[in-house]
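Residue numbers (our numbering), protein chains in the order written: chain C, 1 to 111; chain S, 1 to 116.
This report refers to the structure that appears directly beneath it.
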Amino acid sequence: GDSVTQMEGPVTLSEEAFLTINCTYTATGYPSLFWYVQYPGEGLQLLLKATKADDKGSNKGFEATYRKETTSFHLEKGSVQVSDSAVYFCALGGATNKLIFGTGTLLAVQP
Amino acid sequence: SAVISQKPSRDICQRGTSLTIQCQVDSQVTMMFWYRQQPGQSLTLIATANQGSEATYESGFVIDKFPISRPNLTFSTLTVSNMSPEDSSIYLCSASGASFSYNEQFFGPGTRLTVL
């Protein structure tokens with residue numbers, strides 16, 4: 001069945017460092033891919049999305065490119081801030097209208 | 001996008017009691033979902049709330065424990081019945097619809113439940 005494998009955390013970075021959180025997927029067909037962010041004590045917010053191969057989703061300085069050849073959707077940001085500290089979830093949307101989530105990656109950014 | 005609210009935002013309940021969580025969307029949506037997020041864990045789908053018919057439950061979740069209602073296209077409730085400490089979790093609702101990208105879901109802020 002469909003699945004998402006996400007880089008384990010926690011990831012600890014200094015402010016202004018480069019961020020990569022790896023996400024790979026297994027799916028039949030052509031899924032949509034998402035990154036959600038969960039700030040402490042809050043619900044999930046949609047960060048960015050891509051609906052077909054080679055699409056690049058971007059928002060708030062974060063980017064991810066839908067790579068069909070490597071079945072990946074890695075999240076990147078060129079310069080993280082303390083306010084980016086949160087849990088990041090990679091998710092796959094397949095033919096069933098349901099979302100399949102990765103395990104989540106805790107990012108801690110230190111000043 | 002959609003703005004989703006949940007009530008209550010948090011609650012502390014006694015073992016054996018039941019709690020009903022409400023989810024309200026600011027626009028009509030096609031599908032609504034209920035998830036559980038145990039401490040430090042990812043999200044697990046409990047069920048899809050179907051308007052006008054019985055909810056569709058995922059493996060490991062049953063209607064007697066988690067009855068769900070969806071009387072219209074903007075509102076749903078989840079009841080956690082006969083609670084035990086193992087039910088302590090965050091419960092989140094989400095929604096998707098024809099005006100969103102395919103499979104895109106927006107989430108409510110969650111209900112933080114502690115069972116003593």
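From the three backbone atoms N, C-alpha and C, an ideal C-beta is built for every residue, glycine too.
Asked, Found
"Checking contacts by CB at 9 angstroms: is Tyr57 of chain S closer than that to chain C?", "no"
"For Glu117 of chain C, report the span of its beta strand (DSSP E) as first-last.", "Given a span of 1 to 111 for chain C in the structure shown, any question on residue 117 of chain C remains unanswerable."
"Which one of S:Pro8, S:Tyr57, S:Met31 and S:Val80 has the shortest CA to CA distance from Ala95 of chain S?", "S:Met31"
"Just the Cα atoms here: how many angstroms apart are Ile68 of chain S and Leu92 of chain S?", "13 angstroms"
"Quick check: Ile63 of chain S and Glu54 of chain S, are their CB atoms within less than 9 angstroms of each other?", "yes"
"DSSP on Val62 of chain S, reduced to helix/strand/coil?", "coil"
"Among the residues of its own chain, which have a CB less than 6 angstroms from the CB of Tyr57 of chain S, if the five just before and after it don't count?", "Ala47"
"Check whether the Cβ of Pro109 of chain S lies closer than 9 angstroms to any Cβ atom in chain C.", "yes"
"Give every residue of the same chain whose Cβ lies closer than 6 angstroms to the Cβ of Gly94 of chain C, excluding the five residues on either side of it in the sequence, and list them in chain order.", "Asp2, Ala27 and Pro31"
"Measure from the alpha carbon of Leu44 of chain C to the alpha carbon of each residue in S:Ile21, S:Ile4 and S:Glu86, then state which is nearest.", "S:Ile4"
"Mind listing which residues of the segment 42-71 of chain C have their C-beta closer than 7 angstroms to chain S's C-betas, in chain order?", "Glu42, Gly43, Leu44, Leu46, Lys49 and Thr51"
"Thinking just about the alpha-carbon of each residue, which of C:Gln110, C:Arg67, C:Leu107 and C:Val87 is nearest to the one in Phe101 of chain C?", "C:Val87"
"Less than 9 angstroms between the beta carbons of Trp34 of chain S and Leu73 of chain S, yes or no?", "no"
"Does the beta-carbon distance from Ser42 of chain S to Phe106 of chain S come in below 9 angstroms?", "no"
"Please name the residue in C:Glu15, C:Tyr25, C:Leu13 and C:Thr5 whose C-alpha comes closest to that of Glu69 of chain C.", "C:Tyr25"
"Can you tell me whether DSSP reads Pro67 of chain S as helix, strand or coil?", "coil"
"Counting only Cβ-Cβ distances shorter than 8 angstroms, please list the residues of the segment 80-108 of chain C near chain A, keeping chain order.", "Within the model displayed, chain A is absent; protein chains C and S are what it includes."
"Measure the beta-carbon distance from Ile21 of chain S to Thr114 of chain S and round it to whole angstroms, keeping in mind my assumption that it falls under 8 angstroms.", "Between Thr114 of chain S and Ile21 of chain S the Cβ distance is about 14 angstroms, and since that is not below 8 angstroms, they are no contact."
"Am I right that Pro109 of chain S and Gln6 of chain S are in contact with their C-beta atoms under 8 angstroms? What's the rounded C-beta distance?", "6 angstroms"
"Chain S beta carbons: is any one of them nearer than 9 angstroms to that of Ser3 of chain C?", "no"
"Kindly indicate the opening and closing residues of the beta strand (DSSP E) around Asp11 of chain S.", "Arg10 to Cys13"
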